[in-house]
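Quick notes on the structure that follows.
Protein chains in written order, with this note's numbering: chain D, 1 to 114; chain G, 115 to 227.
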């Protein structure tokens, strides 16, 4: 089945130690998104790629970076994780950039910062 | 201020009961989506409503978009334990090369066997 895959499902890192979260998709969608979801809160968009074009949300901290080496893969890099970055990180894809195109979410990676 | 207000925030009911959850806003939207998110998983799209007054049914779930396209409701008939999860409403907007989903905070539903 075509799907959005996130690895690992659970990640523990130390305060200040860089960490990379991975997302891959078999849907061949043009757009890939990263959301942050803290406990009891709604998912919040961090940034998205439309093909190779990177779009950062205005309030996304510089500590968060992303890479998309090809259509299928997208990475979220947290350069110096703080305790406040502990959250569920959700990857999503959509065929194109328009509200008519649905977003498909991966299962998420739960990040713990010790 | 939150663009989408969902109520109630938490709901715990017995299996077989009916329930309705709400998603309200002061803004008008061209479409609205409902997602269900199970613990430890990503949101799964249930339905998209686009026309004011529209009603869509998905098995025991009935979704309605308000006539003014500012609000929506989700009604579950004869709730099952498998309906347990976080129900999120979201609106999408696109412009200037950006397409963003904005979510409400969700209603956390627990269906007790």
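Just so you know, even glycine gets a beta-carbon here, dropped at the ideal spot from N, CA and C.
Look at the Cβ atom of residue i, then the Cβ atom of residue j, and state whether they are nearer than 7 Å.
i             : j             : result
residue 104/D : residue 112/D : no
residue 120/G : residue 218/G : yes
residue 84/D  : residue 23/D  : no
residue 97/D  : residue 12/D  : no
residue 21/D  : residue 76/D  : yes
residue 172/G : residue 139/G : no
residue 191/G : residue 132/G : yes
residue 223/G : residue 125/G : yes
residue 87/D  : residue 36/D  : yes
residue 227/G : residue 129/G : yes
residue 50/D  : residue 68/D  : no
residue 214/G : residue 45/D  : yes
Compare the C-alpha of residue i against each of the options and name the closest.
i             : options                    : result
residue 202/G : 40/D, 30/D, 11/D           : 40/D
residue 167/G : 143/G, 159/G, 196/G        : 143/G
residue 27/D  : 19/D, 57/D, 86/D, 102/D    : 102/D
residue 80/D  : 69/D, 65/D, 88/D, 70/D     : 65/D
residue 7/D   : 95/D, 74/D, 86/D, 114/D    : 74/D
residue 160/G : 214/G, 127/G, 204/G, 223/G : 204/G
residue 220/G : 170/G, 130/G, 186/G        : 186/G
residue 308/G : 164/G, 148/G, 136/G        : Beyond the ends of chain G as shown, which are 115 and 227, falls residue 308/G; an answer cannot be given.
residue 189/G : 197/G, 182/G, 153/G        : 197/G
What are the residues that DSSP puts in a beta bridge with residue i?
i             : result
residue 133/G : 190/G
residue 30/D  : In the DSSP output, where bridge partners are listed per residue, residue 30/D has none listed.
residue 119/G : 138/G
residue 169/G : 178/G
residue 42/D  : According to DSSP, which records beta bridges pairwise, residue 42/D is partnered with nothing at all.
residue 183/G : Note: residue 183/G sits in no beta bridge, so no partner.
residue 223/G : 125/G, 199/G
residue 56/D  : 47/D
Which chain G residues sit within Cβ distance under 9 Å of residue i?
i             : result
residue 105/D : 149, 151, 155, 156, 157, 158, 159
What residues from chain G crowd round residue i, counting only those whose CB sits closer than 8 Å?
i             : result
residue 108/D : 154, 155, 156
Could you list which residues in chain G have their beta carbon closer than 7 Å to that of residue i, in chain order?
i            : result
residue 25/D : By Cβ distance, chain G contributes nothing, its closest Cβ being about 12 Å from residue 25/D, past 7 Å.
Just to make sure I have the definition right: I need the residues of chain D whose C-beta is within less than 8 Å of the C-beta of residue i. Which are they?
i             : result
residue 219/G : 40, 41, 42
residue 162/G : 102
So with CB distances below 7 Å, who are the chain D contacts of residue i?
i             : result
residue 214/G : 45
- Task: Can you check the stretch 78 to 103 of chain D for any beta strand (DSSP E) of at least 3 residues that lies completely inside it and give the ranges in chain order?
- Result: 87 to 94
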